[in-house]
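Everything below concerns the one structure shown next.
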Amino acid sequence: MRKQTFKFSKSATDIFFDLSITKLKEIVDVKKVIFITDENIFTQHQKKFKGFNTIVLKPGEAFKLQSTIDSIILQLLEFEADRSSILVGVGGGVVTDITGYAASIYLRGIQFGFIPTSLLAMVDASIGGKNGINVELYKNIIGVTKQPSFILYDISFLHTLPESEWQNGFAEIIKHACIKDATMFKLLQANSLKYYQSKKKELITLIERNAKIKLKVVQADEFEKAERKLLNFGHTLGHALENQYELSHGQAISIGMNYASEISEQLLGFKQNDAVNSLLHRYGLPTNVSYNKRKVFEILKMDKKKAASEINYILLEKIGKAIMLPIPLADLENLL
Ligand SMILES: NC(=O)c1ccc[n+]([C@@H]2O[C@H](COP(=O)([O-])OP(=O)(O)OC[C@H]3O[C@@H](n4cnc5c(N)ncnc54)[C@H](O)[C@@H]3O)[C@@H](O)[C@H]2O)c1
Ligand SMILES: [Zn+2]
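Its first residue numbered 8, the sequence shown is counted upward by one per residue in the working numbering.
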């Protein structure tokens, strides 16, 4: 069992990059564990939950709500969860975000850990300590920053992950390559989704490499003052499109990354936007959608990252090197 510990400002997280969920007993006192998962994962991996108190949520972003938290709290009370209980979120980013938040407020805070089951949660959502829920259309508008005490990666979960969710995960992986890792960008160009789906060792290595990119960024800037903002590459326009059209998060940020690359060419002389574009296509992601510019621009203006009359846009100087550039709203309208 290979444990790696990552330190943050107030706590540390133990990470096990390739460990079966059956080995959980070697990490924590399993008598104290209460699992939180969703129906999709629970029905397809029932054996893994045997013998554990398990709270099963309805799947999807639509249930990332306060009413879900209320029902979790009531079930925790039924299980007589106390300060020594450990909540373990077994699922995609919706489950891990909810678990971290519920654990942080139940009895003013109990221990929690994650077993991410979607590729996106493995390389992105389970890392960094942002936990929270949505209120109406406002995504992740309430929550806490608190690191999980452990993250366990059991990639056997990925056998049941739908193809579209693999693509969502790869959108964030390509994002990491664009902003931080030119060598990984080349590696992704040489391989494919099918390749990673069929090669366990190479997949684990890729997941670990991506998790470490995010971990390092978060360690440098846990409370998103500067460096961590680079992770928003593709997300400014992406979020606006995601709100407005029937796009998954991965598809929306893929289009966002393509536009950001083009803006990078115009403003910074970035020369590799064709490479970014074809890599996104290679992993089944779209790079364009016909959208209502006015509407999307209205949403952009209300974006959280807006500072006065400018938007802080994440752009690429070259593959592997991102910067943040404030762009006046009026200019951005022309650029888009
Ligand atoms: N906290 C953070 O820093 C952070 C970062 C990125 C995203 N997020 C959040 O993560 C969420 C998106 O994460 P996601 O894409 O994992 O969403 P998700 O949890 O909704 O999972 C996507 C779908 O895949 C299913 N699924 C997950 N694992 C499966 C498996 N092994 N087999 C079969 N089906 C499986 C789920 O049931 C769901 O239907 C969003 O709510 C987003 O806000 C948080
Ligand atoms: Zn994202």
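Where is the CB? At the ideal position from N, CA and C, for every residue including glycine.
Here the structure is a predicted model, which is why all the values come from computation and not from measurement.
| Query | Result |
| --- | --- |
| Check for me: the beta strand (DSSP E) holding ILE410 runs from which residue to which? | Lying outside 8 to 343, the shown extent of the chain, residue 410 is not represented and no answer is given. |
| State buried or exposed for THR131, treating a residue as buried only when at least 16 other CB atoms are found within 10 Å of its CB. | In the sequence as displayed, the identity of residue 131 is Asp instead of Thr. Result: buried. |
| Could you tell me if the beta carbon of ILE260 falls within a distance shorter than 7 Å of some heavy atom in ligand 2? | yes |
| Looking at the structure shown, is ALA132 part of a helix, part of a strand, or coil, going by DSSP? | helix |
| Should SER111 be counted as a contact of ligand 1 given a C-beta to heavy atom distance under 7 Å? | no |
| Hey, which unbroken runs of the alpha helix (DSSP H) at 4 residues or more fall wholly within the region 47–111? | 73–85 |
| With H, G and I counted as helix, E and B as strand and the rest as coil, what does DSSP make of VAL35? | coil |
| Per DSSP, what kind of secondary structure is ALA259 in: helix, strand or coil? | helix |
| Alpha carbon to alpha carbon, how far is LYS14 from LEU226? Give it in angstroms, no decimals. | This sequence places Gln at residue 226; Leu is not what is there. Taking the straight line joining both Cα atoms gives about 7 Å. |
| Run the proximity test for HIS52: is its beta-carbon closer than 7 Å to any non-hydrogen atom belonging to ligand 4? | Absent from the structure shown: ligand 4. Ligands present: ligand 1 and ligand 2. |
| Compute every distance between the C-beta of ILE149 and the non-hydrogen atoms of ligand 1, then say whether any falls below 7 Å. | no |
| State the DSSP-derived secondary structure class of MET191, mapped to helix, strand or coil. | helix |
| Could you tell me the alpha carbon to alpha carbon distance between LEU336 and SER316, rounded to whole angstroms? | 6 Å |
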